[in-house]
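Shown next, in structure tokens, is the structure this report addresses.
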Amino acid sequence: MLHEHAKIMALINQTGEIEGRKKLQKIVYIAKKMDFPFYEKYQFHMYGPYSEELTLRVEEMCELEFVTEVKEQQTGYQHYRYELSDKGREFLSVMAEGFPEETEILQEMNGYSIRFLELVSTVLYFEELSREEVTAKVSNWKAKLNYTQEDVDKAYAYIGRLRNNTFAVLNRV
Amino acid sequence: MRRPDGELEEEKVFKDPVHRYIHVRDELIWDLIGTKEFQRLRRIRQLGTTYVTFHGAEHTRFNHSLGVYEIMRRMVENLEKKGKWDADERLVCLASALLHDVGHGPFSHSFEKIFHMDHEKWTREIILGDTEINSVLRRMDDDFPLKVADVIAKTYDNKLLVSLISSQIDADRMDYLLRDAFYTGVSYGQFDMERILRVMRADEDQAVFKHSGMHAVEDYIMSRYQMYWQVYFHPVTRSAEVILSKILHRAKELLAQDYAFKLTPHHFLSMFNGKVTLRDYLKMDESVILFYFQEWEEEEDSILKDLCSRFMHRHLFKYVECDPSKQMVIWQELRDLYQKIGLDPDYYLVIDSSSDLPYDFYRAGEKDERVPIHLLMPDGKLRELSRESDLVESISGKKRTDHKLYYPKDLLMDQTEFPEEKQRIMALLVNQEG
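Chain order of the listed sequences is S and Y. Letter by letter, the first sequence follows residues 1 to 173 in UniProt numbering. Letter by letter, the second sequence follows residues 1 to 434 in UniProt numbering.
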């Protein structure tokens with residue numbers, strides 16, 4: 001029952017509090033690209049990969065009180081924070097979710113800024129292109145975020161490190 | 001005979017019940033429509049299993065694709081008149097609109113979920129691969145197919161163009177809402193598209209709408225909202241979808257167990273082993289699927305046989321409203337009871353949630369989460385729709401979630417065997433409803 005929801009709950013449980021819907025979107029996308037067992041469908045939007053399916057699942061989990069959503073008003077927009085509730089923990093303990101055991105990978109990912117995770121997820125989205133083409137896409141689609149070449153290099157380095165670490169973790173499961 | 005400007009000698013028209021006429025004057029578009037990959041869309045219904053609920057919903061992705069093309073043609077014509085349009089992009093835009101769904105397979109939602117496939121990936125392969133569509137597109141120039149594929153993938157550098165085909169108010173959604181309302185026969189789903197096109201303006205990165213046209217945009221948002229709950233997420237349609245998914249699961253499982261099918265499911269083999277070629281994919285359409293389902297009604301496997309019979313003859317699962325947070329307490333008991341009476345709960349006890357049919361409700365969202373609909377105010381500034389419209393505001397902040405539990409009521413009501421267990425199951429299910 002609700003296996004895909006349970007995986008997202010397991011992720012939130014491992015990361016602790018997640019600041020912002022956008023951050024949650026990017027973390028799940030990056031984890032999916034690293035072969036964590038997420039099947040939410042993503043499409044490219046102005047602000048990078050986005051999944052409506054994930055948005056709906058999070059709404060459902062909030063409504064079921066499995067996940068706590070705290071809203072804050074910020075310069076004309078709502079801002080959201082997410083945390084697993086006790087009821088959510090109880091659900092996780094009952095439903096086997098087939099999610100990799102706790103690792104530092106997701107916690108570390110959650111420690112990065114949303115600006116950096118947006119860049120990482122965009123690089124991953126275009127990863128079949130050459131590095132030059134990816135840099136061109138980033139400067140066109142993310143012009144307002146003023147990413148530098150150094151930022152792009154850091155994103156590539158992080159992705160490389162992440163791949164090595166997740167490979168080891170997922171093969172342990 | 002070809003004209004050097006790429007226009008047909010004479011404009012062609014298709015009669016269309018939604019837009020009255022679909023006008024084609026470009027040879028490129030006419031030839032794309034004639035390709036076998038585009039003609040395949042005639043054999044894929046736009047609304048999948050919705051025809052079991054609304055018998056008129058027999059329209060196909062072919063009709064819809066032509067409709068999206070026609071709306072895009074009108075949008076481009078309007079924007080050209082207003083002078084904010086790069087004329088070189090016209091054909092990229094029209095071809096993208098026409099081909100945006102060309103990678104859809106039969107009953108896409110179920111197939112994509114079970115086989116972890118993505119129709120957008122197939123759209124790209126059809127446009128860039130060894131296909132008739134690719135040959136026609138390459139007549140423009142070698143880069144043309146890639147431009148079209150990038151527009152559809154929403155990664156093309158011209159963001160305005162991308163937003164016309166894919167944004168919160170775009171040619172795709174406008175056509176499917178009007179078309180689906182027409183063919184299902186429902187009275188909601190109507191909005192004034194002509195008015196929306198008239199008040200559409202080109203901003204730097206997206207199409208925006210003059211404030212004076214706000215009420216037409218409100219109608220469009222309401223139409224999306226109502227069509228979702230009344231048509232797309234109709235519980236009977238979802239029941240058919242649940243059974244369809246379970247048939248695919250069962251067939252996949254049987255094949256993995258080396259079950260000897262009376263008729264080898266050749267068309268499914270590559271899907272089941274995860275090595276689907278473009279050629280295999282293009283052979284799949286609804287007639288192929290329904291042929292196998294009919295054949296599988298004669299199989300020895302009782303689950304596959306029963307599920308196929310249910311799907312083909314509309315003996316669907318019944319449902320109760322369900323609250324998974326309460327359900328988790330009795331879930332194991334229900335599963336144990338099912339096992340006791342010889343019903344496999346993996347196939348006959350199914351929770352279906354609103355997120356199983358992702359549909360983008362309008363929300364303003366968090367900052368930079370996704371691009372909202374913007375109104376162009378009289379002072380030239382842009383303002384997000386729900387901040388101006390009380391109507392949109394009232395529905396955009398609401399949670400809209402739904403979970404239903406599907407089960408074979410007919411088998412549980414037949415109490416010739418295991419009457420006590422079956423009564424207990426029904427009691428647990430009915431308590432869910434309350």
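A virtual CB, placed ideally from N, CA and C, is assigned to each residue, including glycine.
Glu102/S CB to nearest chain Y CB: under 9 Å? Along the first sequence, one-based indexing puts residue 102/S at 102. Not one chain Y Cβ lies under 9 Å of Glu102/S.
Please list, in chain order, the chain S residues whose beta carbon lies closer than 8 Å to that of Met328/Y. In the second sequence, the residue the question calls residue 328/Y occupies position 328. Residues of chain S passing the Cβ test: Met1, Glu90, Phe91, Val94 and Met95.
Whole-angstrom distance between Leu178/Y and Ser187/Y, CA atom to CA atom: Reading the second sequence from its first residue, position 187 is the one you call residue 187/Y. Reading the second sequence from its first residue, position 178 is the one you call residue 178/Y. A straight line joining the alpha-carbon of Ser187/Y with that of Leu178/Y spans about 10 Å.
Which residue wins for smallest C-alpha separation from Ile30/S, given the options Glu19/S, Arg21/S and Pro49/S? Locating residue 30/S in the first sequence gives position 30, counting from the first residue. Closest option to Ile30/S, Cα to Cα, is Pro49/S.
Let me see if you follow: with CB-CB separation under 9 Å, is Met1/Y close to chain S or not? Your numbering for residue 1/Y matches position 1 in the second sequence. Annotation note: pLDDT 46 at Met1/Y (below 50); position unreliable, no value reported.
Cβ neighbour criterion (16 or more within 10 Å) applied to Pro419/Y: One-based indexing of the second sequence puts residue 419/Y at position 419. Exposed is the call here.
Boundaries of the alpha helix (DSSP H) in which Leu41/Y is found, first to last residue: What you label residue 41/Y is simply residue 41 of the second sequence in a count that begins at 1. Per DSSP, Leu41/Y belongs to no alpha helix (DSSP H) and is neither H nor E.
Determine the direct distance from the alpha carbon of Phe317/Y to that of Ala240/Y, and round the result to whole angstroms. The sequence position of residue 240/Y within the second sequence is 240, counting from 1. The sequence position of residue 317/Y within the second sequence is 317, counting from 1. Their Cα atoms are separated by approximately 8 Å.
Beta carbon of Pro17/Y: closer than 8 Å to some heavy atom of the ligand ZN? Within the structure as shown, the ligand ZN is missing, as the structure has no ligands at all.
So, with DSSP's three-state summary, where would you put Asp151/S? Taking the first residue of the first sequence as 1, we reach residue 151/S at position 151. In this structure, Asp151/S counts as helix in the three-state DSSP scheme.
Distance cutoff 9 Å, beta carbons only. Does Trp331/Y sit that close to anything in chain S? Your numbering for residue 331/Y matches position 331 in the second sequence. With 9 Å as the cut-off, Trp331/Y counts as an interface residue toward chain S.
Between the C-alpha atoms of Gln39/Y and Arg173/Y, what's the straight-line distance to the nearest angstrom? In the second sequence, residue 39/Y corresponds to position 39, counting from 1. In the second sequence, residue 173/Y corresponds to position 173, counting from 1. Using only the alpha carbons, I get a separation of about 22 Å.
Spatial neighbours of Gln294/Y within its chain, please: CB distance less than 7 Å, with the 5 preceding and 5 following residues excluded, ordered by chain position. Here the question's residue 294/Y lines up with position 294 in the second sequence. Answer for Gln294/Y: Met312, listed in chain order.
How many angstroms separate the CA atom of Asp130/Y from the CA atom of Leu375/Y? Indexing the second sequence from 1 puts residue 130/Y at position 130. Indexing the second sequence from 1 puts residue 375/Y at position 375. Their backbone Cα atoms lie some 43 Å apart in a straight line.
With a CB to CB cut of under 6 Å and the five nearest residues on each side skipped, what residues in its chain are close to Pro408/Y? Position 408 of the second sequence, counted from the start, is the residue given in the question as residue 408/Y. Phe317 and Tyr348, listed in sequence order.
Listing by chain order, which chain S residues have their CB less than 9 Å from the CB of Val371/Y? As a position in the second sequence, residue 371/Y is number 371, starting the count at 1. Neighbours of Val371/Y on chain S, chain order: His45, Met46 and Tyr47.
At a Cβ threshold of 9 Å, is Thr237/Y touching chain S? What you label residue 237/Y is simply residue 237 of the second sequence in a count that begins at 1. Thr237/Y does not count as touching chain S.
CA nearest to the CA of Glu132/Y, picked from Gly34/Y, Lys340/Y and Val350/Y: Here the question's residue 132/Y lines up with position 132 in the second sequence. Nearest of Gly34/Y, Lys340/Y and Val350/Y to Glu132/Y, Cα basis: Gly34/Y.
Got a sec? Which residues, its chain only, sit under 7 Å from Asp285/Y by beta carbon, not counting five neighbours each side? The residue you call residue 285/Y lines up with position 285 of the second sequence. Correct list, in chain order: Arg40, Arg43, Ile44 and Pro106.
Judging by CA-CA distance, which residue of Glu40/S, Met1/S, Val123/S and Lys7/S is the nearest neighbour of His116/Y? One-based indexing of the second sequence puts residue 116/Y at position 116. Selected option, being the one with the closest Cα: Glu40/S.
Just tell me which of Lys23/S, Glu132/S, Tyr147/S and Ala155/S has its CA closest to the CA of Tyr80/S. Mapped onto the first sequence, residue 80/S falls at position 80. When each option's Cα is compared against that of Tyr80/S, the closest is Lys23/S.
Identify the continuous beta strand (DSSP E) that holds Glu10/Y and give its terminal residues. Within the second sequence, numbered from 1, the residue matching residue 10/Y stands at position 10. Element bounds for Glu10/Y: Glu7 to Asp16.
Tell me which same chain residues have a C-beta within less than 7 Å of the C-beta of Tyr158/S, skipping the five on either side of it? Within the first sequence, numbered from 1, the residue matching residue 158/S stands at position 158. Within the same chain, Cβ atoms closer than 7 Å to the Cβ of Tyr158/S are found at Val120, the five residues on either side in sequence being excluded.
Label Asn110/S either buried or exposed according to how many other C-beta atoms from any shown protein chain fall within 10 Å of its C-beta, with 16 as the threshold for buried. Indexing the first sequence from 1 puts residue 110/S at position 110. Counting Cβ neighbours within 10 Å, Asn110/S comes out buried, since at least 16 surround it.
Would you grab the beta carbon distance between Gln223/Y and Phe191/Y for me? Rounded to a whole angstrom, and I think it's under 8 Å. The residue you call residue 223/Y lines up with position 223 of the second sequence. The residue you call residue 191/Y lines up with position 191 of the second sequence. One detail in the question is off: residue 223/Y reads as Ser in this sequence, not Gln. Sure, about 5 Å apart at Cβ, within 8 Å.
How many Å lie between Met34/S and Thr166/S at the Cα? Within the first sequence, residue 34/S is the residue found at index 34, counting from 1. Within the first sequence, residue 166/S is the residue found at index 166, counting from 1. So the two alpha carbons sit approximately 7 Å from each other.
How many Å lie between Gln339/Y and Leu47/Y at the Cα? Taking the first residue of the second sequence as 1, we reach residue 339/Y at position 339. Taking the first residue of the second sequence as 1, we reach residue 47/Y at position 47. When rounded, the distance between both Cα atoms is 35 Å.
Near-chain Y residues of the region 117–138 of chain S - C-beta to any C-beta below 9 Å: Glu118, Tyr125, Phe126, Ala136 and Lys137
Could one say the Cβ of Pro324/Y lies closer than 9 Å to chain S's Cβ atoms, at least one of them? The sequence position of residue 324/Y within the second sequence is 324, counting from 1. It does; some Cβ of chain S falls within 9 Å.
If you compare alpha carbons, which of Val371/Y, Val430/Y and Ile341/Y is closest to Glu417/Y? Here the question's residue 417/Y lines up with position 417 in the second sequence. Minimum Cα distance to Glu417/Y is reached at Ile341/Y.
Run through chain Y and tell me which residues come within less than 9 Å of Asn140/S, C-beta to C-beta. As a working note, residue 140/S is residue 140 in the first sequence. Simply Asp157 and Lys159.
Start-to-end residues for the alpha helix (DSSP H) that takes in Ser139/S: By 1-based counting over the first sequence, the position of residue 139/S is 139. Unbroken alpha helix (DSSP H) run through Ser139/S: Arg131 to Trp141.
Where does Gln423/Y sit, in a helix, a strand or coil, going by DSSP? As a first step, residue 423/Y must be located in the second sequence, where it is residue number 423. Of the three classes helix, strand and coil, the one that applies to Gln423/Y here is helix, per DSSP.
Quick one, are the C-beta atoms of Ile351/Y and Cys308/Y less than 9 Å apart? Within the second sequence, the letter at position 351 stands for residue 351/Y. Within the second sequence, the letter at position 308 stands for residue 308/Y. No. Outside cutoff.
Three-state class that DSSP yields for Ser113/S in the structure shown: For the purposes of this step, residue 113/S is identified with residue 113 of the first sequence, where counting begins at 1. Coil at Ser113/S, not helix or strand.
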